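These protein sequences, in sequence, are chains A and B. The working numbering puts the first residue of the first sequence at 207, with every later residue one more than the last. The working numbering puts the first residue of the second sequence at 546, with every later residue one more than the last. By construction, the Cβ of each residue, glycine as well, lies at the ideal position given by its N, Cα and C atoms. Bear in mind the structure is a predicted one, so any value in this text is a computation, not a measurement.
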Amino acid sequence: MIAASAVRFPRVEDHSVSDLDLARRCVDGDPSAFESIYHAHAERMKSIAYHHLGNVADAEDAVQETFLKIHRAASTYTGEAAFSTWLYRILVNTCYDAMRRRRRRPQEAPIDDVVALTRAAANVDDTKRLMLSKLLRELPEQRRTVFVLFEIEGFSHAEIAAIAGISEANSKWILFSTKKQLQEKWKHEH
Amino acid sequence: MNTDDNELDEISAIARSMHATWSSDSLLPRIQRAIAREERRQPSWHVWQMAAAAVILVALGALGWYAQRRVQEHEFNQAILQRTALDDVERAEQSHVAAIDQLEKLAGPKLEQSQSPLMVSYKEKLMTLDDAIAECQAGIRVNRQNAHLRRQLLSIYSEKQRTLQDVLREESHESR
Chain A
207 MIAASAVRFP
217 RVEDHSVSDL
227 DLARRCVDGD
237 PSAFESIYHA
247 HAERMKSIAY
257 HHLGNVADAE
267 DAVQETFLKI
277 HRAASTYTGE
287 AAFSTWLYRI
297 LVNTCYDAMR
307 RRRRRPQEAP
317 IDDVVALTRA
327 AANVDDTKRL
337 MLSKLLRELP
347 EQRRTVFVLF
357 EIEGFSHAEI
367 AAIAGISEAN
377 SKWILFSTKK
387 QLQEKWKHEH
Chain B
546 MNTDDNELDE
556 ISAIARSMHA
566 TWSSDSLLPR
576 IQRAIAREER
586 RQPSWHVWQM
596 AAAAVILVAL
606 GALGWYAQRR
616 VQEHEFNQAI
626 LQRTALDDVE
636 RAEQSHVAAI
646 DQLEKLAGPK
656 LEQSQSPLMV
666 SYKEKLMTLD
676 DAIAECQAGI
686 RVNRQNAHLR
696 RQLLSIYSEK
706 QRTLQDVLRE
716 ESHESR
């Protein structure tokens, strides 16, 4: 069962191990490197993937695919951005790929978590969460990413800019217009 | 604070409580197995990169060698063509010279015997032309491909041919 919570994570800049060293260990296939990345970021990665893909199975597949991509591409990591920023960028792109694949084959979209969330909607807050979740799924990719990263996962606009490959000002503007768009839909749903 | 702001704040508050979390004990082992499987299946990306670089280097080397060979072949063909063309020109010159020699043999006795001023003048002209021919030929021996000297030589031979024809014409006039 999925639980919704307001857990705050450390900011993505907080990392004790040198990023380049971590990348080198990933290239070497060092299991402890992947383990430390997993323990530091998997919770957040799973949540981001879940809010993009809408179900646990696809979210876990996206996280696994992201780790494989890190393993394959760690040798190209230059250290220009924080390793975690690079990791979340790969995750978001992996989610986009999965969403596009699903659009091409809509019959493959799983529905198990819709059931799980409906069962969880026993009180008002859960109903509102479900409704916002539903509205989020109707948003275009980039808007959904900015909203999820800022409002749900607590990333800063600077971090979102680096992850999504946009400017900080653009991130702020996208968030503002997305919230306005959600507000309009929220009124209709009420 | 107006209603709009309240609604926006409410959306933000709901969103802040939406961090999804669930237990997935099998995910890390699954990831580790997938990475280990990939490690076993494929040589590291470094090896692939080096192999790709080697293939590209070999391909570039082969292309360069082929291009150089084509250029050398082309230059060789050009040289052969030029030599053939020169041989043709020289063959034409030789037959031209042979024809003029024939004329010279016919006109020779008349030039030697006649003491008329016209014949003496023809004789002197022919000697001047022979000197010019010798000079051109010396130049051509130094550079076979000097087209200017060859054109000059041809015009001198033509002039000599015309002069010899004039000598023979004069001879037939005198004998009538």
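*Could you give the distance in angstroms between the alpha-carbon of H687 (chain B) and the alpha-carbon of R695 (chain B)?*
Position 142 of the second sequence holds residue 687 (chain B). Position 150 of the second sequence holds residue 695 (chain B). The amino acid occupying residue 687 (chain B) in the given sequence is Val; His does not appear at that position. Rounded to the nearest angstrom, the two C-alpha atoms are 12 angstroms apart.
*Straight-line CA distance for V330 (chain A) to R575 (chain B)?*
By one-based count along the first sequence, residue 330 (chain A) stands at place 124. By one-based count along the second sequence, residue 575 (chain B) stands at place 30. With a pLDDT of 43 at V330 (chain A), under the threshold of 50, the modelled position of this residue cannot be trusted, and the question is left open.
*Using a C-beta cutoff of 8 angstroms, does Q348 (chain A) count as contacting chain B?*
Counting from one through the first sequence, the residue named residue 348 (chain A) turns up at place 142. Taking Cβ atoms only, chain B never reaches closer than 8 angstroms to Q348 (chain A), which makes this a no.
*Put Q617 (chain B) into one of helix, strand or coil per three-state DSSP.*
Residue mapping note: residue 617 (chain B) aligns to position 72 of the second sequence, counting from 1. Three-state result, Q617 (chain B): helix.
*State whether the stretch 665-672 of chain B contacts the stretch 699-713 of chain B, with contact taken as three or more CB pairs (one from each stretch) at a distance under 8 angstroms.*
yes
*Applying the criterion that 16 or more other CB atoms from any shown protein chain within 10 Å of the CB defines a buried residue, is W292 (chain A) buried or exposed?*
Here residue 292 (chain A) refers to the residue found at position 86 of the first sequence. W292 (chain A) is buried by the Cβ-count criterion.
*Is the Cβ-Cβ distance between I366 (chain A) and F356 (chain A) less than 8 angstroms?*
Walking along the first sequence from the start, residue 366 (chain A) turns up at place 160. Walking along the first sequence from the start, residue 356 (chain A) turns up at place 150. Yes, they are a contact pair.
_Candidates B:H564, B:N691, B:K655 and B:D675, of which the one nearest S253 (chain A) by Cα_ = As a working mapping, residue 253 (chain A) is identified with position 47 in the first sequence. Out of B:H564, B:N691, B:K655 and B:D675, B:H564 has the C-alpha closest to the C-alpha of S253 (chain A).
_Residue nearest to A246 (chain A) in terms of C-alpha spacing, selected from A:K340, A:F289, A:N299 and A:L336_ = Numbered from 1 along the first sequence, position 40 holds the residue referred to as residue 246 (chain A). Out of A:K340, A:F289, A:N299 and A:L336, A:F289 has the C-alpha closest to the C-alpha of A246 (chain A).
*DSSP on P346 (chain A), reduced to helix/strand/coil?*
Position 140 of the first sequence holds residue 346 (chain A). In the structure shown, P346 (chain A) sits in coil (DSSP, three-state: anything other than H, G, I, E or B).
_Tell me the rounded alpha-carbon separation between R230 (chain A) and R585 (chain B)._
Position 24 of the first sequence holds residue 230 (chain A). Position 40 of the second sequence holds residue 585 (chain B). Cα to Cα, R230 (chain A) sits roughly 18 angstroms from R585 (chain B).
_Quick test of your reading: Y730 (chain B) and V634 (chain B), contact by CB under 8 angstroms. State the CB separation rounded to the nearest angstrom._
Coverage of chain B is limited to positions 546 through 721, which leaves residue 730 (chain B) absent and any answer about it impossible.
*Identity of the residue in A:G260, A:V233 and A:V269 nearest S571 (chain B) by Cα*: As a first step, residue 571 (chain B) must be located in the second sequence, where it is residue number 26. Closest option to S571 (chain B), Cα to Cα, is A:V269.
*Measure the CB-CB distance between L381 (chain A) and F353 (chain A) and report whether it falls below 8 angstroms.*
Locating residue 381 (chain A) in the first sequence gives position 175, where the first residue counts as 1. Locating residue 353 (chain A) in the first sequence gives position 147, where the first residue counts as 1. Cβ atoms of L381 (chain A) and F353 (chain A): closer than 8 angstroms.
*Along chain A, which residues have their Cβ under 9 angstroms away from the Cβ of E618 (chain B)?*
Looking up residue 618 (chain B) in the second sequence gives position 73. Simply none; closest approach about 43 angstroms.
_Which listed residue (A:L338, A:S383 and A:L336) has its alpha carbon closest to that of R349 (chain A)_ = Counting from 1 along the first sequence, the entry for residue 349 (chain A) is found at position 143. Answer by Cα proximity: A:S383.
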